[in-house]
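To start, the structure itself, in structure tokens.
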Amino acid sequence: MPKITYIEHTGKEHVVEAETGVSVMEAAVKNMIPGIDADCGGACACATCHVYVDAAWADKVGKPEAMEESMLDFAYEPKENSRLSCQITVRAELDGLVVRLPEFQG
Amino acid sequence: MARRARAPLYRIDRQGAVGQRSALMTERAIIIGAGQAAAQAAQSMRQAGFDGDIVMLGEERELPYQRPPLSKAYLQGELDAQRLYLRPAAFYEQQRVDIRLGVRATAVDAAARTVTTDAGETLSYDKLLLATGAPPRRLNCDGADLEGVYYLRSIADSDALRPVLSANGRIVIVGAGYIGLEVAASARKAGLDVTILEMADRVLARVAGRDISEFYEKLHRDHGVDLRLDAALDHFEGAGAVRAAVLKSGEKIACSAVLVGVGAAPATMLAETADLRLANGVWTDDHAQTSDPAIWAAGDCASHPSPIYERRLRLESVPNAIEQAKVAGVNMAGGNAVYDAVPWFWSDQYDVKLQTVGVSEGADETVVRGDPDAKKFSVWYFQRGRLLAVDAVNDPAAFAISKRHIAGKTEIDRARLADPDTDLKSFIS
């Protein structure tokens, strides 16, 4: 199973093994990673599963679609590498993915 | 499950009498219900430092799960049940939440501070949360008990309905609210013929303005839904299983199944046994506390005073369940949180995402931005010049910007808003 590293705002790292096919948000929730609220459960409706994708993974993860991009504009401290983790599907080539969490969600 | 790993702290004797709890005993909170609000409250209590026992009583034999996908991805078979659960079982163990599933609370004695269950147990509490939800309103017309007449609230309901979607035939959907419309979209996606019967002269009549109603009417008709407005159901026909819906006009619509989505009623039975104050659901103050200082309520079952709308609201939505349960959880842990969150909601139908901020009831003026035909627009509802609510169709920017304005009760220049050349982002202060 692909490994994903979530780095909290404090710098604390969590490495989890994620099933392929689920979202990076779901893998975080299932592994009880603090800092991802995911209020809407993955409907791309709330922007509370915001992450910063590590630069080395930006190309493999890809860019957000228009709806997600628009939601991200209004997330807490959006950056160039911001994504909603509910919109990133875990797949084999994302083994080793590193995402950082913002200080706040929503 | 946490329950198996831990012995109960005190037991009821064989006669069913309740053992007296001494002052030395650990404080105990009971949460009745195991839905979105229940799960959030347990988590928030722990985050706020509550160190006593937390017992959660759930009628369904499921860990707390998300309901929104039950009319969409889960119903369509695109999401398995494991992905509905809000938290893994390990979370509740880690948080020391003793979840007891398949247990129905039958009464609350507020004076004795006890909860009675259908298993014959009587459990004492120091603090109680009612998170009992709002089950669907049921029809009682002739034929309402026929096989093939479905309601949608639980995983079991969605599981029962799913085979209908993969069979041939026609489903009659009674009620053009969110549940009805979302199931209609799922059913059309599966290739089923769909007739919607709505008593009002438009869809979503209770929750949205005419611009939104018209948009969704066209959207569903464009997807092949036979949408009947001003259509009153009289009864169902069938021998054992439903075979037709008969309208008051006498028209008969042959069908293989019926989905009833005519709203939900707050579950107040337990609040009544405890003699709690009711007001369109369980009455709560702005601290999510009921008329009994040891009892809180959150989610679909509870009404609360809204500082934004200056009246009492009862909301049936995930964000309300989460935010109100956070307040209840913090206050049950001894905190002093106030519930003043801006209501919001979303609905996915076909390729259209609706995001709603606020409550539009009482609006006397609307401003529409964008183009409904392009499936990207927003409707801004005002009352005496004040922004009440916004319905944003495939328009997250309108959603996010209006949310800030409604939260801050800030003024919006309606003329500038109505001007299509105005960049919405200029409204961010």
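Listed in order, the protein sequences are those of chains A and B. Residue 2 is where the first sequence starts when you use the working numbering, and the numbers rise one by one after that. Residue 2 is where the second sequence starts when you use the working numbering, and the numbers rise one by one after that. The C-beta atom is built at its ideal place from N, Cα and C for all residues, glycine as well.
- Put simply, the backbone Cα of residue 412 (chain B) is about 33 Å away from that of residue 69 (chain B).
- Contact between the segment 156-173 of chain B and the segment 296-311 of chain B is absent: fewer than three C-beta pairs spanning the two stretches fall below 8 Å.
- Per DSSP, the unbroken beta strand (DSSP E) holding residue 124 (chain B) starts and ends at 123-125.
- The C-alpha of residue 292 (chain B) lies about 14 Å from the C-alpha of residue 329 (chain B).
- In the structure shown, residue 230 (chain B) adopts coil according to DSSP, grouped into three states.
- Taking a contact to require three or more Cβ pairs closer than 8 Å, the segment 58-73 of chain B and the segment 142-152 of chain B do not qualify as touching.
- Here the segment 124-135 of chain B makes contact with the segment 40-60 of chain B; the two share three or more CB pairs at distances below 8 Å.
- Against residue 27 (chain A), the close residues of chain B are 84, in the order they occur along the chain (beta-carbon pairs closer than 7 Å).
- Listed in chain order, the non-local C-beta contacts of residue 384 (chain B) below 8 Å within the same chain comprise 363, 364, 365, 366, local neighbours out to five positions each way being set aside.
- The C-beta of residue 16 (chain A) has fewer than 16 other C-beta atoms within 10 Å across all chains shown, which makes the residue exposed.
- Apart from sequence neighbours up to five positions away, the residues of its chain that approach residue 76 (chain A) with a beta-carbon distance below 6 Å are 48, 51, ordered along the chain.
- Within chain B, not a single residue places a beta-carbon under 8 Å from that of residue 87 (chain A); the smallest gap is close to 11 Å.
- Residue 230 (chain B) and residue 174 (chain B) have their C-alpha atoms roughly 12 Å apart.
- Secondary structure at residue 266 (chain B): coil, using DSSP grouped into helix, strand and coil.
- Note on residue 95 (chain B): under 16 other CB atoms within 10 angstroms of its CB, so exposed under the neighbour-count rule.
- If you look at residue 45 (chain B), you'll find it isn't in any beta strand (DSSP E); it sits in the alpha helix (DSSP H) that goes 37-48.
- Secondary structure note for residue 372 (chain B): its beta strand (DSSP E) is the uninterrupted segment 366-372.
- For residue 286 (chain B), the CB contacts under 8 Å within the same chain, skipping 5 residues up- and downstream, are 305, 306 in chain order.
- Close to residue 92 (chain B), with beta-carbon spacing below 7 Å, are these residues of chain A in chain order: 33.
- For residue 50 (chain A), the nearest beta carbon of chain B is not closer than 9 Å to its own beta carbon.
- In this structure, B:180 is the residue among B:180, B:331, B:156, B:284 with its C-alpha nearest to the C-alpha of residue 262 (chain B).
- For the C-beta of residue 395 (chain B), the chain A residues within less than 8 Å are, from N- to C-terminus, 68.
- Scanning its chain for C-beta atoms nearer than 8 Å, with the 5 sequence neighbours on each side dropped, one finds around residue 14 (chain A) the residues 6, 7, 8, in chain order.
- In this structure, residue 274 (chain B) sits near residue 110 (chain B), with a CB-CB distance shorter than 9 Å.
- Boundaries for residue 26 (chain B): no alpha helix (DSSP H) harbours it, and the DSSP string shows neither H nor E there.
- In the three-state reduction of the DSSP assignment, residue 89 (chain A) falls in the coil class, being assigned neither a helical nor a strand state.
- Residue 332 (chain B) counts as buried, since no fewer than 16 other beta carbons sit within 10 angstroms of its beta carbon.
- Here residue 357 (chain B) really is in contact with residue 390 (chain B); their C-beta atoms are around 7 Å apart, less than 8 Å.
- Interface flag for residue 60 (chain A) against chain B is unset, since no Cβ pair is found closer than 9 Å.
- Taking residue 404 (chain B) as the centre and dropping the five residues before and after it, the same chain places the C-beta of 343, 345, 358 closer than 7 Å to its C-beta, in chain order.
- Pairing residue 44 (chain A) with residue 102 (chain A), the inter-Cα distance amounts to about 19 Å.
- Residue 369 (chain B) and residue 178 (chain B) have their alpha carbons spaced roughly 22 Å apart.
- Closer than 8 Å at the C-beta level to chain A, one finds these residues of the segment 88-116 of chain B: 88, 89, 91, 92, 95.
- Proximity to residue 2 (chain A) across A:98, A:88, A:61, A:105 peaks at A:98, based on C-alpha coordinates.
- Residue 197 (chain B) is bridged by DSSP to B:174, B:228.
- Below 8 Å, enough C-beta pairs join the segment 159-168 of chain B and the segment 74-82 of chain B to call them touching: three or more.
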